[in-house]
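Undergrad: Below you will find the structure I want to go over with you.
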Amino acid sequence: MKKKKILAAGFVICMGIWLFCVCRKEDRLEKDKLYVGVTYYDQSDTFINALIDCLKDEVQNYEEKGYEAAIQLRGASGSQRIQNDQVKELIDAGCNVLCVNLVDRADPSEIIDLARENGIPVIFFNREPVAEDMMQWDKLYYVGATAVQSGTMQGELAVELIKSDAGIDRNHDGKIQYVVLEGEPGHQDAIIRTENAVEALKRNGIEIEKLSYGIANWNRAQAQNQMLQMISQHQNKIELVLANNDDMALGAIDAYEKLNYTESALPVFLGIDGTDVGLNAVRESKMAGTVYNDKEGQAAAIMELSAALATGKGMEKIEFEKERYIYLPYFKVTPSIADYMEKGSRNRYGKVSLYMLQRSVIMTS
Ligand code: BGC
Ligand code: CA
0 MKKKKILAAG FVICMGIWLF CVCRKEDRLE KDKLYVGVTY YDQSDTFINA
50 LIDCLKDEVQ NYEEKGYEAA IQLRGASGSQ RIQNDQVKEL IDAGCNVLCV
100 NLVDRADPSE IIDLARENGI PVIFFNREPV AEDMMQWDKL YYVGATAVQS
150 GTMQGELAVE LIKSDAGIDR NHDGKIQYVV LEGEPGHQDA IIRTENAVEA
200 LKRNGIEIEK LSYGIANWNR AQAQNQMLQM ISQHQNKIEL VLANNDDMAL
250 GAIDAYEKLN YTESALPVFL GIDGTDVGLN AVRESKMAGT VYNDKEGQAA
300 AIMELSAALA TGKGMEKIEF EKERYIYLPY FKVTPSIADY MEKGSRNRYG
350 KVSLYMLQRS VIMTS
């Protein structure tokens, strides 16, 4: 009898060990797979490159969380045809989610067709497709930020500066003479940023006079050229430079430096993005301010959504606007905020992200 009991107990223990091993093995087999394919419009864009770095960090983060995670990156050199081919490659390579920064935001149909045929969800980011295209399939998402908000904030920064420093109106005519450096025509962030910055100035009772504008396609060198032309036309009349992004504001500053302007003869420069170079220029007071385009938050949102789409888990935790859109908030950056961000840069994402703070997934090292 006693022998039987011992045998039975032994059997139970063995079964337990065996089950434990099987489960562990199954744990390993069932590791969640996150294979992200990313294609972005151009390799020379400062903001996009920084955003891509954040995406890489995020994927590593998912690996550390126990996912089987990998990212494949393709730069499309400004060609929609190249980007369409890259999407094919990424699908063939076995990606289970696609993140697409469109070259031509009005031409996503081929990519949408490819993704739908293969049943792979797409997260568009930064370059927003038009609403009708987003309706083509229910597995299309968008992560970005609202252009109106960034323009308004840039305008408000200008208002605060103008109201606190009478010297900005250098010719004392009661008006602020300004020029605009615009991003790519057709990009949701270009015209809308300009319109809303100007609107905020008017709304706050600032008298303004537009002297000129130049299209510089987000690019620092092009902005320098455009600015050189505007300076040759208007000499020291320009009191304010509104640039649709930091790189173009920096290009404008380059133009004045090239012409050896003294500090007292310089206009006020305002950008948008808060790229590393942009924040540095704000810290050094070369640029009066910028508006932070939360790339860390955008990357976190893109990857959270990617993981949910790839694994089918966690979708209910994500908050959408208009069902399939995630917009991250902008915030204003003055020199003191830029200083603060520099000091806070020891977290693993480099900078403070409102999105991550809100979702309390901010990482400290
Ligand atoms: C950024 C620009 C960038 C562009 C690319 C904008 O949101 O502010 O710096 O060049 O996106 O699409
Ligand atoms: Ca004036």
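For the sequence shown, numbering that gives the first Met the number 0 assigns the number 0 to the initial residue and increments by one for each residue that follows.
From the three backbone atoms N, C-alpha and C, an ideal C-beta is built for every residue, glycine too.
From a predicted model like this one, the values you see are computed outputs, not experimental measurements.
Which residue from Met134, Val121, Ile271 puts its Cα closest to that of Ala189?
TA: Ala189 has its Cα closest to that of Ile271, out of Met134, Val121, Ile271.
Undergrad: Please go through the same chain and pick out, in chain order, the residues whose beta-carbon is closer than 7 Å to the beta-carbon of Gly173, but skip the five residues on each side of it.
TA: So the qualifying residues of the chain are Glu206.
Undergrad: Name, in chain order, the residues that DSSP records as bridge partners for Ser263.
TA: DSSP lists no partner for Ser263.
Undergrad: Does Arg80 come out as helix, strand or coil in the three-state DSSP assignment?
TA: Residue state, collapsed to three classes: helix.
Undergrad: Along the chain, where does the beta strand (DSSP E) containing Lys236 start, and where does it finish?
TA: Looking at the DSSP string, Lys236 is not in any beta strand (DSSP E), and its letter there is neither H nor E.
Undergrad: Tell me the start and end of each unbroken alpha helix (DSSP H) in the stretch 75-153 that is at least 4 residues and wholly inside, in chain order.
TA: Within the stretch 75-153, the complete alpha helix (DSSP H) runs of at least 4 residues are 79-91, 108-117, 130-133.
Undergrad: Taking the alpha helix (DSSP H) that Gln59 belongs to, which residues open and close that run?
TA: 45-63 is the span of the alpha helix (DSSP H), which, as asked, contains Gln59.
Undergrad: Helix, strand or coil for Arg169 per DSSP?
TA: Here Arg169 sits in coil by DSSP.
Undergrad: Helix, strand or coil for Gln176, going by three-state DSSP, please let me know.
TA: Three-state DSSP puts Gln176 in a strand.
Undergrad: Would you list, in sequence order, the uninterrupted alpha helix (DSSP H) runs of no fewer than 4 residues that lie entirely inside the stretch 270-310?
TA: If we require 4 residues or more, the alpha helix (DSSP H) runs fully inside the stretch 270-310 come out as 275-282, 294-310.
Undergrad: List the whole-angstrom C-beta distance separating Leu97 from Val86, where the pair is believed to meet the contact cut-off of C-beta under 8 Å.
TA: Yes, Leu97 and Val86 are in contact; Cβ-Cβ is about 6 Å, under 8 Å.
Undergrad: Using 7 Å as the cut-off, classify the Cβ of Asp246 as near or not near the heavy atoms of ligand 1, replying yes or no.
TA: Yes, Cβ of Asp246 sits closer than 7 Å to a heavy atom of ligand 1.
Undergrad: Quick one: is Asn235 buried, meaning 16 or more other Cβ sit within 10 Å of its Cβ, or exposed?
TA: Per the 10 Å Cβ criterion, exposed.
Undergrad: Could you tell me the alpha carbon to alpha carbon distance between Ala242 and Pro184, rounded to whole angstroms?
TA: Whole-angstrom Cα-Cα distance: 14 Å.
Undergrad: Cβ atoms of Tyr34 and Asn95: under 8 Å apart, would you say?
TA: In this structure, Tyr34 lies closer than 8 Å to Asn95 by Cβ.
Undergrad: For the alpha helix (DSSP H) that Leu249 lies in, which residues bound it at each end?
TA: Residues 245-257.
Undergrad: Under 7 Å: does the beta carbon of Phe123 sit that close to some heavy atom of ligand 1?
TA: No, ligand 1 has no heavy atom inside 7 Å of this Cβ.
Undergrad: Indicate the three-state DSSP secondary structure (helix, strand or coil) for Lys30 in the structure shown.
TA: Note: Lys30 maps to coil in three-state DSSP.
Undergrad: Strictly by DSSP, which residues pair up with Glu183?
TA: DSSP output for Glu183 lists no bridge partner at all.
Undergrad: For the structure I just gave you, are there three or more beta carbon pairs, one from the stretch 288-300 and one from the stretch 138-146, closer than 8 Å?
TA: With the cut-off at 8 Å, the stretch 288-300 and the stretch 138-146 touch.
Undergrad: Could you check how far apart the C-beta atoms of Gln223 and Ala254 are, in whole angstroms? I think they sit under 8 Å.
TA: Indeed they touch by this definition, with Cβ atoms about 5 Å apart.
Undergrad: Are the stretch 35-52 and the stretch 320-329 in contact at 8 Å, needing three or more beta carbon pairs?
TA: As far as the Cβ criterion goes, the stretch 35-52 does not touch the stretch 320-329, which means the pair count is below three.
Undergrad: Closest by CA to Val332, which one among Asp293, Gln59, Gln79, Lys316?
TA: When only C-alpha atoms are compared, the closest one is Asp293.
Undergrad: Quick one: is the Cβ of Ile175 within less than 7 Å of any heavy atom of ligand 2?
TA: Answer for Ile175: yes, Cβ within range of ligand 2.
Undergrad: Rounded to whole angstroms, how far is the Cβ of Val147 from the Cβ of Ile191, which I believe are closer than 8 Å?
TA: Indeed they touch by this definition, with Cβ atoms about 6 Å apart.
Undergrad: Taking 8 Å as the cut-off, decide whether the C-beta atoms of Ile122 and Ser305 are in contact.
TA: Yes.
Undergrad: Could you tell me the alpha carbon to alpha carbon distance between Gly65 and Gln82, rounded to whole angstroms?
TA: Going from the Cα of Gly65 to the Cα of Gln82 covers about 31 Å.
Undergrad: From which residue to which residue does the alpha helix (DSSP H) around Glu198 run?
TA: Per DSSP, Glu198 belongs to the alpha helix (DSSP H) from 190-202.
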